[in-house]
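In the order they appear, the protein sequences are chains R and U.
Read in our numbering, the first sequence has 409 at position 136, and its numbers run on one by one without any break.
Read in our numbering, the second sequence has 600 at position 327, and its numbers run on one by one without any break.
Structure, as structure tokens:
2 protein chains.
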Amino acid sequence: MADTPRIIQPRTLKGFRDILPATMLAREELLEQVRGVFRAHGYCPFDTPALEYTEILLGKGSAENDRQMYRFTDNGGRDVALRFDLTVPLARFIAQHAGGLGVPFRGYHIGSVWRGENTQRGRYREFMQCDFDAIGTESVVADVETLVVINDLLDALGVGEFTIRINSREILAGVLEGAGLAERAVPLLRALDKLDKIGRDGVATEMMAEAGVDAGQADTVLSLAELDGSAGEVLAGLAELVVDNEGGQRGLARLGEIIAAAKAAGVADSRLAVAPAIARGLDYYTGVVFETTLDELEDIGSVCSGGRYDDLAGLYTKQRLPGVGASLGLDRLLAAMDELGQLPARSTAAPVFIALFDPERLHEYLGLAAELRRAGIGCEVHTEAKKLGAQLKYADRRGFQLALVMGEREWERGICQVRTLASGDKCELELKTLAQDLGRLLGEPRAGSRFTTDSTAS
Amino acid sequence: MADTPRIIQPRTLKGFRDILPATMLAREELLEQVRGVFRAHGYCPFDTPALEYTEILLGKGSAENDRQMYRFTDNGGRDVALRFDLTVPLARFIAQHAGGLGVPFRGYHIGSVWRGENTQRGRYREFMQCDFDAIGTESVVADVETLVVINDLLDALGVGEFTIRINSREILAGVLEGAGLAERAVPLLRALDKLDKIGRDGVATEMMAEAGVDAGQADTVLSLAELDGSAGEVLAGLAELVVDNEGGQRGLARLGEIIAAAKAAGVADSRLAVAPAIARGLDYYTGVVFETTLDELEDIGSVCSGGRYDDLAGLYTKQRLPGVGASLGLDRLLAAMDELGQLPARSTAAPVFIALFDPERLHEYLGLAAELRRAGIGCEVHTEAKKLGAQLKYADRRGFQLALVMGEREWERGICQVRTLASGDKCELELKTLAQDLGRLLGEPRAGSRFTTDSTAS
């Protein structure tokens, strides 16, 4: 007997995963929508390598990022690492290319990032980010545009109503300065950011422990979180808190301007909330900050967050490059849509299955398939001439909508038997107008078409 | 003076590169076309992680692949590596999921791969592959479908005429067997594969040196390369060479069947060539093999290659999984299109630029932009209220097609000044029918639209 080769157990690394067709199809269609929105706003795509010199990445995120980095020495002896986010590569990219590209630069960057995170709670070690930024401008127009893009993204993805929560780091700084707490801003805002997670008392306790403030001071900062109501009402409340602080007033005026302009740009009032307790990424944000929650799934947290930064690329260039941007959490959104039952259960984007009923007629089946594709109708000719029942079972499992069955009798009469796989309904259509009639039966969706939630079969 | 922070030189690793907007825009649009063709043929997307256990990848490609692998020990002490192709991950994927997915499985897989290659001759260490495969079937239908997909891909990408060269490993094996050279197939076919590169004499010399054959035997193998003419003529020539060999005859019959069926499926005669000297990837191909060259740029080599394999996943499962597939060399194609002058020079997919002429009117500009986007016309409101000349210069550099200029006078009269950036032409349009009129001026292409080569500005 010959040696039996050893079977290697097929498996992915802990914290990594394969993406199966149904999910991948939804992800691709979401990405198509996302790119469409970015482009419609003048943002242009760019890409950076997965691997960078460790020197470029290290110490640029949090200490946690450094610990979680996939870092190694390559075959050429270089100290390299996989990117852990898209922000640091963007900073390096823009420092390197701003001269050639010119500013303002509106770019979007879609790609995987890698973090050796704790894999509990459904976190993965490889996930996709979709960042967009306008760099080299301090204009309020760029702040507004960021907000409008967030609005249009969530609108296009069709995940129900949502709320964009806006705040300003200038206002936060003003309030802290007014209370004589400017020096303790970092631990105070880090604690404040946890309000949704650990509640008011938890935040107060952490502020006292980590920032060394007393209960009264913690209370002053926490009073920010009590401001509630319409955007106008919250802005009025904030005005009182920064009455003596110039920076805070400047931030407040700008925030008001952004909100008014966003409305003029078509963002519904009901989708905008001023949320004075949002601080976000303490390291580089300096102006407006955003978070976006889905009204039906608030507890999954923000699906699109960002803000304005004063100088992203200062570590790599002396050119000052202020900007504003945000990041769409595509994988989180995909999980949310799954939870809301908004993902189609199909694993094919082609709606039509052609049974290989009479293998002698292969050329005719293939010719018909080509004709349907030319008319924009995706289809698959089955590879195996099995019994019809087995073929239809396969088609149903894959999520095809319609199956075409043609034997001797049908070919001779110039007709085609059409079965709706979900219902089992049958009808006969004439071959000479088949593409047209199928188009009508299928309604809008087509192979390669935009994401539609109503095209699920099976 | 405060410390001046050290500036880290912004740079990418040797062999890696950033992809700038104009190229990235073209790549994204090509990928959109590619996905559309895959889907129209019933292929569904899936994805696998960039990182795998080294055990999964090592020794599955060539020894060169092993040497070039980015391999390291992760923070959890695992021996891991970045994938160097998409074929090995596909094999692991299908071994792991065939049960759940069912066969036949038609899948496509688009992603980056990493190889620490010699970086001469414009090779990169990170590049993108687009693979598609039909697995779990021995049907000739799957072979034909692969060929039709290759045809439709190249057609959709609009890179001019092309030739799909087809051969059969069964015929090659038959010819070698007939000449008593079956045992020396590997070095002989490896040498034969170099015919285009080193010529007839070079191949003969290599065959004698590496396979230990004499000049007459080398000649017999090389006679394959002399068969020329239409597909029918070459098939007839091959028939003579395998007249005594059953396997060779089987391969020949199947090849004829594939070609006839491809024609029935609409592949033009002129695009199909039988090329008896093509052997390809000696390790796993067992049946039909394909290569595709662009008629205008033959010297860049094959842009889409593949073939049939008997058992892809044998290393990871006892289930036999034969299949057929091919890989589109997207980056090579992109370079070719660049050479043919088929890449647009724009770095925006939005065709319309709105000058921020009168900052007091920001709300009106933003409102107009929202209206145009709703009508499917991508646009950007400029962020800086600079002099008009500077704004138009920026717009021209980015590759916008039209610039809209509106000041006091225009807003009051309800009109808009429209400048064609490439030509400098001006006209006036009424605001109330602007979206419609701009649509006409712009012709077909839209933000987020399909790839069109005639929409270049500047």
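C-beta atoms are modelled at their ideal positions from N, C-alpha and C, and glycine is treated no differently.
Practice prompt. Could you confirm whether any beta carbon from chain U is found closer than 8 Å to the beta carbon of residue 377 (chain R)?
Written response: One-based indexing of the first sequence puts residue 377 (chain R) at position 104. Judged by the 8 Å Cβ criterion, residue 377 (chain R) is in contact with chain U.
Notebook entry, point to check: Can you give the Cα-Cα distance for residue 492 (chain R) and residue 521 (chain R), rounded to whole angstroms?
Noted result: For the purposes of this step, residue 492 (chain R) is identified with residue 219 of the first sequence, where counting begins at 1. For the purposes of this step, residue 521 (chain R) is identified with residue 248 of the first sequence, where counting begins at 1. For residue 492 (chain R) and residue 521 (chain R), the distance between alpha carbons rounds to 19 Å.
My understanding is that residue 381 (chain U) touches residue 311 (chain U), with C-beta atoms under 8 Å, so please give their C-beta distance in whole angstroms.
Stepping through the second sequence from its first residue, residue 381 (chain U) is reached at position 108. Stepping through the second sequence from its first residue, residue 311 (chain U) is reached at position 38. At roughly 4 Å, the Cβ-Cβ gap stays under 8 Å, so residue 381 (chain U) and residue 311 (chain U) are in contact.
(message) Please report whether the beta-carbon of residue 654 (chain U) lies at a distance below 8 Å from any beta-carbon of chain R.
(response) Locating residue 654 (chain U) in the second sequence gives position 381, where the first residue counts as 1. Taking Cβ atoms only, chain R reaches closer than 8 Å to residue 654 (chain U), which makes this a yes.
With burial defined as no fewer than 16 other Cβ atoms inside 10 Å of the residue's Cβ, what is the status of residue 696 (chain U): buried or exposed?
Position 423 of the second sequence, counted from the first residue, corresponds to residue 696 (chain U). By the 10 Å Cβ count, residue 696 (chain U) comes out exposed.
Beta-carbon proximity of residue 367 (chain U) to residue 661 (chain U), cut-off 8 Å: As a position in the second sequence, residue 367 (chain U) is number 94, starting the count at 1. As a position in the second sequence, residue 661 (chain U) is number 388, starting the count at 1. Their beta carbons are not under 8 Å apart, which means residue 367 (chain U) does not touch residue 661 (chain U) by this criterion.
Practice item. Go ahead and label residue 709 (chain U) buried or exposed: buried means 16 or more other beta carbons lie within 10 angstroms of its beta carbon, across all protein chains shown. Key: Numbered from its first residue, the second sequence carries residue 709 (chain U) at position 436. It counts as exposed.
- request: Report yes or no: do three or more beta-carbon pairs, one from the stretch 596-607 of chain R and one from the stretch 644-651 of chain R, lie closer than 8 Å?
  value: no
| Can you list, in chain order, the stretches of the alpha helix (DSSP H) that have 4 or more residues and sit fully within the stretch 463-514 of chain U? | 468-484, 488-499, 504-514
Go through its chain and collect everything with a Cβ distance to residue 275 (chain U)'s Cβ below 6 Å, but skip five positions before and after it.
Position 2 of the second sequence holds residue 275 (chain U). At residue 275 (chain U), the pLDDT of 46 sits below 50, so the modelled position is not reliable; the number obtained from the coordinates is stated separately. Closer than 6 Å at the Cβ level, and outside the excluded window around residue 275 (chain U), lies no residue.
Q) Helix, strand or coil for residue 722 (chain U) per DSSP? A) On the second sequence, residue 722 (chain U) is found 449 positions in, with the first residue counted as 1. Since pLDDT at residue 722 (chain U) reaches only 36, below the 50 mark, its modelled position is unreliable, and the value read off the structure follows with that caveat. It is coil, neither helix nor strand.
Exercise for review: For residue 516 (chain R), count neighbouring C-beta atoms within 10 Å of its own C-beta (all shown protein chains included) and say buried if the count is 16 or more, exposed if not.
Suggested key: The count along the first sequence starts at 1 and reaches residue 516 (chain R) at position 243. Residue 516 (chain R) is exposed by the Cβ-count criterion.
*Looking at C-beta atoms only, is the number of pairs between the stretch 523-540 of chain R and the stretch 466-478 of chain R that lie closer than 8 Å three or more?*
no
Q | Meets three-Cβ-pair contact criterion under 8 Å: the stretch 432-451 of chain R and the stretch 539-553 of chain R | A | yes
Measuring only the C-alpha atoms, how far is residue 547 (chain R) from residue 712 (chain R)?
As a position in the first sequence, residue 547 (chain R) is number 274, starting the count at 1. As a position in the first sequence, residue 712 (chain R) is number 439, starting the count at 1. Cα to Cα, the separation comes out at about 47 Å.
Coarse secondary structure for residue 287 (chain U), derived from DSSP in three states = Here the question's residue 287 (chain U) lines up with position 14 in the second sequence. Of the three classes helix, strand and coil, the one that applies to residue 287 (chain U) here is coil, per DSSP.
Own chain residues within Cβ distance below 8 Å of residue 632 (chain R), not counting five before or after: Sequence index remark: in the first sequence, residue 632 (chain R) carries index 359 (1-based). Around residue 632 (chain R): 658.
Helix, strand or coil for residue 440 (chain U)? Go by DSSP, reduced to three states. Here residue 440 (chain U) refers to the residue found at position 167 of the second sequence. Strand at residue 440 (chain U).
- Message: Could you check whether the stretch 406-414 of chain R touches the stretch 452-469 of chain R, counting it as contact only if at least three pairs of C-beta atoms, one from each stretch, sit closer than 8 Å?
- Response: no
Review point. Among residues of its own chain, excluding the 5 on either side of residue 410 (chain R), which ones have a beta-carbon nearer than 6 Å to its beta-carbon?
Key: If you number the first sequence from 1, residue 410 (chain R) lands on position 137. Cβ within range, chain order: 377.
Taking the C-alpha atoms as reference points, what is the distance between residue 732 (chain R) and residue 691 (chain U)? Nothing can be reported for residue 732 (chain R): it is not among the residues displayed for chain R, which extend from 274 to 731.
Q. Is there at least one Cβ from chain R nearer than 8 Å to residue 481 (chain U)'s Cβ?
A. As a position in the second sequence, residue 481 (chain U) is number 208, starting the count at 1. Cβ-Cβ to chain R under 8 Å: no for residue 481 (chain U).
- prompt: Going by C-alpha distance, which of R:344, R:357, R:576 is nearest residue 348 (chain U)?
  reply: Looking up residue 348 (chain U) in the second sequence gives position 75. Per the Cα distances, R:344.
Whole-angstrom distance between residue 413 (chain R) and residue 530 (chain R), CA atom to CA atom: For the purposes of this step, residue 530 (chain R) is taken as residue 257 along the first sequence, with counting starting at 1. For the purposes of this step, residue 413 (chain R) is taken as residue 140 along the first sequence, with counting starting at 1. Approximately 8 Å, taken between the alpha carbons.
Cut-off 6 Å between Cβ atoms - residues of its own chain near residue 671 (chain R), not counting five sequence neighbours on either side:
Your numbering for residue 671 (chain R) matches position 398 in the first sequence. Closer than 6 Å at the Cβ level, and outside the excluded window around residue 671 (chain R), lie 620, 621.
- So with Cβ pairs under 8 Å, would you call residue 348 (chain U) a contact of chain R? On the second sequence, residue 348 (chain U) is found 75 positions in, with the first residue counted as 1. Yes, because at least one Cβ of chain R sits closer than 8 Å to the Cβ of residue 348 (chain U).
Quiz item: Do you know offhand how far residue 725 (chain U)'s Cα is from residue 297 (chain R)'s?
Solution: Mapped onto the second sequence, residue 725 (chain U) falls at position 452. Mapped onto the first sequence, residue 297 (chain R) falls at position 24. For residue 725 (chain U), the pLDDT reaches just 34, beneath the cut-off of 50, and the residue's location in the model is therefore unreliable, although a value from the coordinates is still provided. Answer to the nearest angstrom: the Cα atoms are 27 Å apart.
For this session: Measure the C-alpha to C-alpha separation of residue 307 (chain R) and residue 423 (chain R) and round it to an integer number of angstroms.
Result: Within the first sequence, the letter at position 34 stands for residue 307 (chain R). Within the first sequence, the letter at position 150 stands for residue 423 (chain R). Looking at the two C-alpha atoms, the distance is approximately 10 Å.
| Going along the chain, which residues of its own chain have a beta-carbon closer than 8 Å to the beta-carbon of residue 294 (chain R), five neighbours each way excluded? | Here residue 294 (chain R) corresponds to residue number 21 of the first sequence, with the count starting at 1. So the qualifying residues of the chain are 620, 621.
Using a Cβ-Cβ cut-off of 8 Å (strictly less than) and excluding sequence neighbours within five positions of residue 457 (chain R), which residues of its own chain qualify?
As a first step, residue 457 (chain R) must be located in the first sequence, where it is residue number 184. Excluding sequence neighbours, residue 457 (chain R) sits near 449, 484, 485, 486.
Would you say the stretch 562-569 of chain U touches the stretch 582-590 of chain U, given that touching needs at least three Cβ pairs under 8 Å?
no
- Item | Whether residue 318 (chain U) touches residue 399 (chain R) by CB criterion (8 Å) | Within the second sequence, numbered from 1, the residue matching residue 318 (chain U) stands at position 45. Within the first sequence, numbered from 1, the residue matching residue 399 (chain R) stands at position 126. Contact: no.
**Item:** Per-residue DSSP class, three states only, for residue 636 (chain U)
**Value:** Numbered from 1 along the second sequence, position 363 holds the residue referred to as residue 636 (chain U). Reduced to three states, the DSSP call for residue 636 (chain U) is helix.
### Task
State buried or exposed for residue 648 (chain U), treating a residue as buried only when at least 16 other CB atoms are found within 10 Å of its CB.
Stepping through the second sequence from its first residue, residue 648 (chain U) is reached at position 375. With fewer than 16 other Cβ atoms within 10 Å, it is exposed.
Item to complete: Count the other C-beta atoms from every protein chain shown that fall within 10 angstroms of the C-beta of residue 706 (chain R), then say buried if there are 16 or more, exposed otherwise.
Response: Start at 1 with the first residue of the first sequence, and residue 706 (chain R) comes out as number 433. With fewer than 16 Cβ atoms within 10 Å of its Cβ, residue 706 (chain R) is classed as exposed.
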